[in-house]
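All residue numbers for the sequence shown refer to the working numbering, where the first residue is 29 and numbers rise by one. C-beta atoms are modelled at their ideal positions from N, C-alpha and C, and glycine is treated no differently. Bear in mind the structure is a predicted one, so any value in this text is a computation, not a measurement. Below is one structure, written out as structure tokens, with a few remarks after it.
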Amino acid sequence: MAFGITPRHEQEVTFEELSHEQILITGLETAKRLGWNIGYTSETGFIAYTQFSWSSWSEEVKFKIEGNKVIVKSECTGSQLVDWGKNKQNIESFLKGFKENMGAVAPEEVAKRFLEIKSGTEAKDDLLNQPPQTARDKIKNVFSIFIPTEGYFFTPIIVNINILVFAAMVISGVHFMLPDNDSLINWGANFRPVTLDGQWWRLFTSCFLHIGVIHLLMNLYALIYIGLLLEPQLGKTRFVSAYLLAGIGGSVASLYWHDLTISAGASGAIFGMYGVFLAMLTTNLIEKSARKTLLTSIMIFVGYNLLNGLKGGIDNAAHIGGLVTGMIIGYAFYPSLIKPQQLNLKYLTVALLSILVVSTSFIVYRQTPNDIGQYEEKMKKFVSLESMAMEVYHKDGNTPDAELLKEIKDRGIYYWKESVKVINEADKLNLPEELHRKNEKLLEYCQLRIESYQLLYKAIEEDTDKYKNDIQDYNQKIEALIKELGGQ
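Here you go:
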């Protein structure tokens, strides 16, 4: 069972009794009989893809001949961490079939087919003789994942930034498994009431925060996997711009969709990169056999995660927003990818995409209602009015009755009635049901205060103690409501 960023299994076999031509044609015949799709063929070997099934996620099999020695490597194309023995089984099935097919092709047919293959490939263009074609082949150990290199430059930088931000959060006292809401907001999470309150930069900073170490590790694995596949195809400029723009697109979608959800994580940006790759896989930018294999793998990853997001507790809006943004970016990159020599086209595409995403985000930002933010502002006003209404209780015992009556009527009762107006205004906003229920309690609280003040006014005006018990009853009801509101 292989384990790794892209699990693989490799085996060397020597066939002393066979010629180079016989080894190649027998290998091709074996792959065809196994039902594998041949994606690339040269005189030194071939690349094939297994059929997708319950026992296989369409692995890539490379068959390379070096003299009488054959190197067979099977590698996962999906985002799985463990191959559950699939790659080893592929090689075992292939080698068993190879031995069974030895001599199955007539010598004259072997010569004919080998000549056709040889004439169709220049030695200098042979993919099997060139340096590693993908960044995945350059990853030799776990440490190389974090080191920028050619074709894998911005992915490790983004990974390292996410790790450093998380480490800084933990060092500052944030819980490494379950950070609380206040900590996430303080560190720059996306939360509509504060993001729309002029803190637009949260649309960007939230892409580098994570809600616990598990969230971080899952996102970084997905980022490393798609980075290894995609960054060599896009290059530095297109890759980093796509990542940042998709991240903003995901954050804006989350902002628009959620009233009170605290959003954080690289998921939106990562889904954006999968969206870019999905767009590319529907074009001819990638070899046909590899395209079909990768498309199946990516679709499974995206579909599974979107369905998993329906369970709740996962910001699917950011996922979908990032994915859609990424697909738009992917298709927009197509002209410059098929004409790599036209650098002006590449930079113009990046500039226009940046303008499109930023301007669209600005429009959504300005048009998204901030009812929760308005509610909080009204609650601040309510607290201020409540404080002024309660000033009557700060008068000392020597205050003249006339002054007390004026304080109760012109400030106390007046400000409680103003508080009622504020609560009624707040209740007209588009709020969650629990806040509407809270408003009902606040109105009841204000009404009890008004009635108790009116009774206190009568007691002072009539200079009597006959309302004492009634006033105490009001105070008990008020205390009970305060405890209830405090619990909410």
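Same chain, Cβ closer than 6 Å to residue i, neighbours up to 5 away in sequence not counted
{"i": "Tyr517", "result": "Nothing can be reported for residue 517, as the shown portion of the chain is limited to 29 through 516."}
{"i": "Asp343", "result": "Ser282, Ser291"}
{"i": "Lys116", "result": "His37"}
{"i": "Tyr284", "result": "Val392, Thr396"}
{"i": "Gln39", "result": "Val100, Ile119"}
{"i": "Val330", "result": "Tyr302"}
{"i": "Tyr481", "result": "Ile436, Gly440, Ile441"}
{"i": "Asp438", "result": "none"}
{"i": "Cys235", "result": "Gly275, Ala294, Ala297"}
When the options are compared against residue i, the one with the closest alpha-carbon
{"i": "Phe43", "options": "Lys97, Gly277, Glu178", "result": "Lys97"}
{"i": "Val385", "options": "Val280, Asp111, Lys114, Gln504", "result": "Val280"}
{"i": "Leu257", "options": "Tyr180, Asn336, Trp229", "result": "Tyr180"}
{"i": "Met197", "options": "Glu49, Val187, Ile185, Gly216", "result": "Gly216"}
{"i": "Thr324", "options": "Gly131, Tyr481, Gly226, Gln79", "result": "Gln79"}
{"i": "Thr34", "options": "Ser86, Leu432, Phe74", "result": "Ser86"}
{"i": "Leu351", "options": "Lys409, Ala379, Ala59, Ile276", "result": "Ile276"}
{"i": "Glu446", "options": "Ser70, Asn458, Arg477", "result": "Arg477"}
{"i": "Lys146", "options": "Asp438, Ser211, His48", "result": "His48"}
{"i": "Asp399", "options": "Pro221, Asn214, Val193", "result": "Pro221"}
{"i": "Gly131", "options": "Glu88, Leu46, Phe171", "result": "Leu46"}
{"i": "Thr223", "options": "Val304, Glu462, Ser389", "result": "Ser389"}
{"i": "Ile522", "options": "Ile175, Gly201, Val202", "result": "Missing from the structure shown is residue 522; the chain here goes from 29 to 516 and no further."}
{"i": "Leu288", "options": "Lys408, Val411, Trp228, Leu459", "result": "Leu459"}
{"i": "Glu405", "options": "Asp210, Glu178, Asp225, Asp154", "result": "Asp225"}
{"i": "Gly95", "options": "Asp154, Val41, Gly358", "result": "Val41"}
{"i": "Ile510", "options": "Leu433, Asp493, Val304, Glu468", "result": "Glu468"}
{"i": "Thr265", "options": "Ala379, Met246, His286", "result": "Ala379"}
{"i": "Phe194", "options": "Val241, Ile326, Glu489", "result": "Val241"}
{"i": "Val187", "options": "Asp498, Val170, Val202, Gln227", "result": "Val170"}
{"i": "Asp455", "options": "Met407, Gly425, Lys60", "result": "Met407"}
Beta-bridge partners of residue i, as assigned by DSSP
{"i": "Glu40", "result": "Ile99"}
{"i": "Ile93", "result": "Val98"}
{"i": "Thr177", "result": "Tyr180"}
{"i": "Ala281", "result": "Partner(s): none; Ala281 has no beta bridge."}
{"i": "Ala76", "result": "Ile66, Val89"}
{"i": "Ser291", "result": "Asn218"}
Close beta carbons around residue i, own chain, < 7 Å, minus the five adjacent residues each side
{"i": "Val448", "result": "Leu471, Cys474"}
{"i": "His243", "result": "Gly293"}
{"i": "Ser121", "result": "Leu62"}
{"i": "Phe233", "result": "Reading the sequence as shown, one finds Thr at residue 233 and not Phe. Counting only Cβ-Cβ distances below 7 Å, and skipping sequence neighbours, we find Gly216."}
{"i": "Ala346", "result": "Gly278, Ser279, Ala281, Ser282, Ser291, Ser295, Gly296"}
{"i": "Met301", "result": "Ile254, Leu258, Ala270, Tyr271, Ala274, Gly354"}
{"i": "Phe126", "result": "Thr54, Gly55, Thr58"}
{"i": "Gly514", "result": "none"}
{"i": "Lys496", "result": "none"}
Same chain, Cβ closer than 8 Å to residue i, neighbours up to 5 away in sequence not counted
{"i": "Glu479", "result": "Tyr502"}
{"i": "Glu137", "result": "Ile53"}
{"i": "Pro363", "result": "Leu373, Thr377"}
Presumed contact (8 Å Cβ cut-off) between residue i and residue j, rounded CB distance
{"i": "Leu156", "j": "Gly73", "result": "5 Å"}
{"i": "Pro184", "j": "Ile173", "result": "7 Å"}
{"i": "Glu435", "j": "Val420", "result": "5 Å"}
{"i": "Thr69", "j": "Asn129", "result": "Not really, about 17 Å apart at Cβ, beyond 8 Å."}
{"i": "Ile213", "j": "Phe219", "result": "6 Å"}
{"i": "Tyr359", "j": "Ala307", "result": "5 Å"}
{"i": "Leu457", "j": "Gln402", "result": "6 Å"}
Touch test, the stretch 241 to 253 against the stretch 309 to 323, Cβ-Cβ under 8 Å, three pairs minimum: no
Cβ contact (3+ pairs, closer than 8 Å) linking the stretch 51 to 68 and the stretch 128 to 146: yes
Three or more C-beta pairs below 8 Å linking the stretch 385 to 399 and the stretch 326 to 336: no
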